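Asks:
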Amino acid sequence: MQGIDAQLFGVLIAQTLKMATPLILAALGGMFSEKSGVVNIGLEGMMLVGAFSAAVATYFTNNPWFGLLVGMLGGAALALLHAIVCVKFKGDHIVSGTGIILLGAGITTIGLDLVWGNTGQSDQVTLLPNVNIPQLEGIPVIGSIFGTLSPIIYLMFGIVIVCWYVLYRTPIGLRIRAAGEDPSTLDTAGINVENIRILAVILSGVLAGLAGAYLSISFEAAFSRGMTSGRGFIALAAMIFGNWTPVGCLIAGLFFGFLASLEIVLQVVLGVGIVTQYGHFIQMIPFVLVIVAIAGIRKSVPPKGIAVPYEKEKRA
Amino acid sequence: MNTSEINVKPKFNLIKFIKSIPKSIMATIDNPTFQRQAIATVGSIVLAMLIAAIVMLMVGYNAGLGFIALIRSSIVQWDRVLFYATPLIFTGLSVALAFRCGLFNIGPEGQVYVGALAATIVGFSVSLPFGIHPIVCLLIGAFVGFLWGFLPGLLKAYRGAHEVVTTMMLSYTAILLTEWLIKNPYDDPTNDNLVQTISILPTAELPKIFGIFLSWALIVAMLVVLCVYFLLNKTVLGYEMRAVGMNLEAAESAGINSKRTVAVSLGLAGALAGMGGAAEILGYHHRFRKDWSVGLGWDGITVAVLGYSNPFGVLFAAIFFGALRVGGNSMQLIAGIPAEMVVLIQGLIVMFVAAPRVISWLQEKGTLELKMISIDKKRGMPHFITLGITLVCSILGFILLSSISVHSPILGGIVILSSLIAIAAFIMLFMQSESGFKLTIAAGIGWAIVALLGIIYAVNILIIGTVFAAILLVFPLLSLLVIDDKKLENGGNE
Numbered sequence: 000m001q002g003i004d005a006q007l008f009g010v011l012i013a014q015t016l017k018m019a020t021p022l023i024l025a026a027l028g029g030m031f032s033e034k035s036g037v038v039n040i041g042l043e044g045m046m047l048v049g050a051f052s053a054a055v056a057t058y059f060t061n062n063p064w065f066g067l068l069v070g071m072l073g074g075a076a077l078a079l080l081h082a083i084v085c086v087k088f089k090g091d092h093i094v095s096g097t098g099i100i101l102l103g104a105g106i107t108t109i110g111l112d113l114v115w116g117n118t119g120q121s122d123q124v125t126l127l128p129n130v131n132i133p134q135l136e137g138i139p140v141i142g143s144i145f146g147t148l149s150p151i152i153y154l155m156f157g158i159v160i161v162c163w164y165v166l167y168r169t170p171i172g173l174r175i176r177a178a179g180e181d182p183s184t185l186d187t188a189g190i191n192v193e194n195i196r197i198l199a200v201i202l203s204g205v206l207a208g209l210a211g212a213y214l215s216i217s218f219e220a221a222f223s224r225g226m227t228s229g230r231g232f233i234a235l236a237a238m239i240f241g242n243w244t245p246v247g248c249l250i251a252g253l254f255f256g257f258l259a260s261l262e263i264v265l266q267v268v269l270g271v272g273i274v275t276q277y278g279h280f281i282q283m284i285p286f287v288l289v290i291v292a293i294a295g296i297r298k299s300v301p302p303k304g305i306a307v308p309y310e311k312e313k314r315a
Numbered sequence: 000m001n002t003s004e005i006n007v008k009p010k011f012n013l014i015k016f017i018k019s020i021p022k023s024i025m026a027t028i029d030n031p032t033f034q035r036q037a038i039a040t041v042g043s044i045v046l047a048m049l050i051a052a053i054v055m056l057m058v059g060y061n062a063g064l065g066f067i068a069l070i071r072s073s074i075v076q077w078d079r080v081l082f083y084a085t086p087l088i089f090t091g092l093s094v095a096l097a098f099r100c101g102l103f104n105i106g107p108e109g110q111v112y113v114g115a116l117a118a119t120i121v122g123f124s125v126s127l128p129f130g131i132h133p134i135v136c137l138l139i140g141a142f143v144g145f146l147w148g149f150l151p152g153l154l155k156a157y158r159g160a161h162e163v164v165t166t167m168m169l170s171y172t173a174i175l176l177t178e179w180l181i182k183n184p185y186d187d188p189t190n191d192n193l194v195q196t197i198s199i200l201p202t203a204e205l206p207k208i209f210g211i212f213l214s215w216a217l218i219v220a221m222l223v224v225l226c227v228y229f230l231l232n233k234t235v236l237g238y239e240m241r242a243v244g245m246n247l248e249a250a251e252s253a254g255i256n257s258k259r260t261v262a263v264s265l266g267l268a269g270a271l272a273g274m275g276g277a278a279e280i281l282g283y284h285h286r287f288r289k290d291w292s293v294g295l296g297w298d299g300i301t302v303a304v305l306g307y308s309n310p311f312g313v314l315f316a317a318i319f320f321g322a323l324r325v326g327g328n329s330m331q332l333i334a335g336i337p338a339e340m341v342v343l344i345q346g347l348i349v350m351f352v353a354a355p356r357v358i359s360w361l362q363e364k365g366t367l368e369l370k371m372i373s374i375d376k377k378r379g380m381p382h383f384i385t386l387g388i389t390l391v392c393s394i395l396g397f398i399l400l401s402s403i404s405v406h407s408p409i410l411g412g413i414v415i416l417s418s419l420i421a422i423a424a425f426i427m428l429f430m431q432s433e434s435g436f437k438l439t440i441a442a443g444i445g446w447a448i449v450a451l452l453g454i455i456y457a458v459n460i461l462i463i464g465t466v467f468a469a470i471l472l473v474f475p476l477l478s479l480l481v482i483d484d485k486k487l488e489n490g491g492n493e
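Going line by line, the protein sequences match chains A and B. Residue 182 in numbering that gives the first Met the number 0 sits at position 183 of the first sequence, with consecutive numbering throughout. Residue 310 in numbering that gives the first Met the number 0 sits at position 311 of the second sequence, with consecutive numbering throughout.
#1: I'd like to know whether the C-beta of residue 124 (chain A) is nearer than 9 Å to at least one C-beta of chain B.
#2: For residue 14 (chain A), count neighbouring C-beta atoms within 10 Å of its own C-beta (all shown protein chains included) and say buried if the count is 16 or more, exposed if not.
#3: Against residue 103 (chain B), what residues of chain A qualify as contacts under a CB-to-CB distance less than 9 Å, listed in chain order?
#4: Given a cut-off of 9 Å, decide if residue 76 (chain A) and residue 68 (chain A) are closer than it, judged by their beta-carbon atoms.
#5: Give a yes or no on whether 9 Å exceeds the smallest Cβ distance from residue 112 (chain B) to chain A.
#6: Closer than 7 Å by C-beta to residue 202 (chain B): which residues in its own chain qualify, once you throw out the five before and the five after it? Chain order, please.
#7: Strictly by DSSP, which residues pair up with residue 214 (chain B)?
#8: Label residue 490 (chain B) either buried or exposed according to how many other C-beta atoms from any shown protein chain fall within 10 Å of its C-beta, with 16 as the threshold for buried.
#9: For chain B, check one thing: does any of its Cβ atoms lie closer than 9 Å to the Cβ of residue 301 (chain A)?
#10: Just checking, does the region 46–64 of chain B make contact with the region 304–316 of chain B on the three C-beta pairs under 8 Å criterion?
#11: Per DSSP, which residues does residue 120 (chain A) bridge with? Please list them.
#12: Taking one C-beta from the region 140–157 of chain B and one from the region 266–277 of chain B each time, how about it: are there three or more such pairs within less than 8 Å?
#13: Contact criterion: CB-CB distance below 9 Å. Does residue 310 (chain A) meet it with respect to chain B?
#14: Would you say residue 25 (chain A) reaches chain B, if we count a Cβ-Cβ gap shorter than 9 Å as a contact?
#15: Confirm, please, whether the CB-CB distance from residue 26 (chain A) to residue 256 (chain A) is below 9 Å.
#16: Where does residue 35 (chain B) sit, in a helix, a strand or coil, going by DSSP?
#17: Between the C-alpha atoms of residue 297 (chain B) and residue 253 (chain B), what's the straight-line distance to the nearest angstrom?
#18: Can you confirm whether residue 277 (chain A), when its beta carbon is compared against all beta carbons of chain B, has any partner nearer than 9 Å?
#19: Helix, strand or coil for residue 286 (chain B)? Go by DSSP, reduced to three states.
#20: For residue 195 (chain B), which three-state DSSP category applies?
#21: The alpha helix (DSSP H) that contains residue 297 (chain B), what's its start and end?
#22: Please confirm whether residue 34 (chain A) has its beta-carbon closer than 9 Å to some beta-carbon of chain B.
#23: Between residue 195 (chain B) and chain A, is the shortest Cβ-Cβ distance under 9 Å, so that the two count as touching?
#24: For residue 281 (chain A), tell me which candidate among A:293, A:209, A:261, A:289 has the shortest Cα-Cα distance.
#25: Please confirm whether residue 275 (chain B) has its beta-carbon closer than 9 Å to some beta-carbon of chain A.
#26: Would residue 405 (chain B) pass as an interface residue toward chain A - the criterion being a Cβ-Cβ separation below 9 Å?
#27: Classify residue 277 (chain B): buried if its beta carbon has 16 or more other beta carbons within 10 angstroms, exposed otherwise.
#28: Using a Cβ distance threshold of 8 Å, determine whether the region 156–168 of chain B contacts the region 96–115 of chain B, with at least three qualifying pairs required.
#29: Any chance the region 46–63 of chain A sits against the region 204–218 of chain A, with 3 or more Cβ pairs inside 8 Å?
#30: From residue 266 (chain A) to residue 9 (chain A), what does the alpha carbon distance come to, in whole angstroms?
#31: Please name the residue, chosen from B:153, B:415, B:464, that lies closest to residue 393 (chain B) on a Cα-to-Cα basis.
#32: In whole angstroms, what is the alpha-carbon distance linking residue 119 (chain A) and residue 306 (chain A)?
#33: Using the C-alpha atoms, what's the distance from residue 188 (chain B) back to residue 124 (chain B)?
#34: To which residues of the same chain is residue 184 (chain A) closer than 8 Å at the C-beta, ignoring the five residues directly before and after it?
#35: Consult DSSP for residue 105 (chain A) and reduce its assignment to one of helix, strand or coil.
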């Protein structure tokens, strides 16, 4: 019995990390954009394009690392479009984000048709190799999971730290935060608000693209239509839940990932029958919990200058 | 005059209201804001279609046939257009109503689901006379949808919970909950393969008005458009909603109970979506099946955006989206273009709608280009020709891509790169930036490399590459020389 429990615990941790990684990466992306004052509800579209371009590049070159890079570039390209519309042309952020989601869905499906001749699923692509750290596998209880994790999961923890460092300990991070909180002060300091915002939105596209690439070349070994299945929106919720901070995004993402993988564990603990019958309710738990948490625990505070295009001549 | 007469409120006169509609429509058309929005919308649609056509050409679809199929079918199959538009009118109004109160209802999908299931359950379990039954079902659907929207409304008003998160989370919850309900208590016992409920009673069905698709649901939708217009523009609640949407603090200091208004608006938004789900079941599906709604709620967001959150705008946007959907289907059938092309077109339209300044910017740069051609021929003509050839070369590059990359993926990569550089050059040239010429030369060099590699792979690649490289290199170099001449004339400084 002890063995089974330990194994189960290991599975739960591994599964949590696997489910949480795309959410955390995309949430960090959304955070950068929103910290700079640009609402980014288009994460879903950027993730889709990231997943698709990673799969295509991996398919043609058989090199998943190159695919990862192309996936990030794909997400960044779509983010650039969002940045141009929102920052340069002072468009409505939410409307543009809606457009980005549609564009992402449209481009990837047509791309599927062009590259693989169907609009459902791509052919199998090479997976990113899992990281093996033999020294860690000796650790009791959780040692067994280390051989099964994607390098992006380790990368994700590094990215959280880097994001925190960049945002709170570097001048560029300060500028990004200032662009979202008080753009006119930043402008007075002689910094171009528009450039900072464009940079932040592109950064958010890179992270969302990475999250998408993880889905198509590491989590699964193929791209399928609409494979992000709402993860971009859940990432958005994780970002708000995490109060627009890197560590908050990490915790919220891990929490959502944990709830998403709870079903597997409950299947073992409670028996398959009950879980199949009431599985829908277990899947509902994260959504309901988020509502309860957001309504009950504390109020989220978005950046002050969010969704307001910055006009140089206008004084607040 | 005694006091009781003064205190009598002016009675609402339906006939007067209906008579006032044509007048207010005329007033709207004369309104410059409306005209600007209309121009921006039409411009967005035209531009999106243009870009879609270029994309279709690039990736090798038969764009001409595709567009003929799209336009033809959306006129010939007008009943299907209206059929697809009906639920989008409801969900679009739902999002639009919330937008007007400054709220973003991102979860109409779930509200559609709960409304539809509630209507289905009443439809098959309660026995009511013909004529009353569908009305009861619609109202029950709207009521359940109202509850599904009112909860996030309350949370927003009294707990400050962001409605984007709560409505979305409730939307996922609704989809799971309805799926569980139709799998367990309300499962159709006669069919084990499909997850669905039993059919609603014939008395509950909304009768068809034309063909096999179009039902009374459309009429209900039209009436609801009028109701929402009336609510927003002629009632106190509508006034309060718009006031809260424009400026919450100002509305509060004017004595409006903004908390109540927020909660009620999200509730009404939910009711509209719920009624839409009910009408869809009563009018066409007649039973609740798993995943029957193909993203009706999500499309509602786009419809509301395109309709500028105006009830009549939503009506037209929904019909337009219906037409696109019907057109997309026949595009796939006739021209072999995936129906998702339509999603791309929708996305492009929304992007343009998001930033009306793009259109005025394009206008500005376009007139600048024309001016340059007519006034400064020596500089303008080469510039204009270079502009043209960068676009044509990039399109041709993508068309030729598949036949070139057969020989070697490296060749294909270079062709993609040169074509992308050519597009960038086109954009830079259009922006009147001198770096456009340099980018054009870069694209030309890319093709020259293709030509050189063509010596190894095939003769026809050598020929194509040489021609492209020559065209792309000659004109920008010529223009740069012209500009240099100008500089010389002016003594080195412009």
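Idealized CB from N, CA, C, for every residue including glycine. Bear in mind the structure is a predicted one, so any value in this text is a computation, not a measurement.
Replies: For this structure:
#1: At a cut-off of 9 Å between beta carbons, residue 124 (chain A) makes no contact with chain B.
#2: buried
#3: 40, 93
#4: no
#5: No, its Cβ sits nowhere closer than 9 Å to a Cβ of chain A.
#6: Answer for residue 202 (chain B): 127, 128, 129, 132, listed in chain order.
#7: B:207
#8: Unreliable positioning characterises residue 490 (chain B) in this predicted model, as indicated by a pLDDT of 47, which lies under 50. A coordinate reading is not provided.
#9: yes
#10: no
#11: A:223
#12: yes
#13: Not one chain B Cβ lies under 9 Å of residue 310 (chain A).
#14: no
#15: Cβ atoms of residue 256 (chain A) and residue 26 (chain A): not closer than 9 Å.
#16: helix
#17: 35 Å
#18: With 9 Å as the cut-off, residue 277 (chain A) counts as an interface residue toward chain B.
#19: coil
#20: Correct three-state label for residue 195 (chain B): strand.
#21: 295–305
#22: no
#23: Not closer than 9 Å to any Cβ of chain A, the Cβ of residue 195 (chain B) fails to qualify, so no.
#24: A:261
#25: The beta carbon of residue 275 (chain B) does not come within 9 Å of any beta carbon belonging to chain A, so the residue lies off that interface.
#26: Contact with chain A is absent for residue 405 (chain B), since none of that chain's Cβ atoms lies less than 9 Å from the residue's Cβ.
#27: buried
#28: yes
#29: Counting Cβ pairs under 8 Å, three or more are found: they touch.
#30: 15 Å
#31: When each option's Cα is compared against that of residue 393 (chain B), the closest is B:415.
#32: 36 Å
#33: 15 Å
#34: 177
#35: helix
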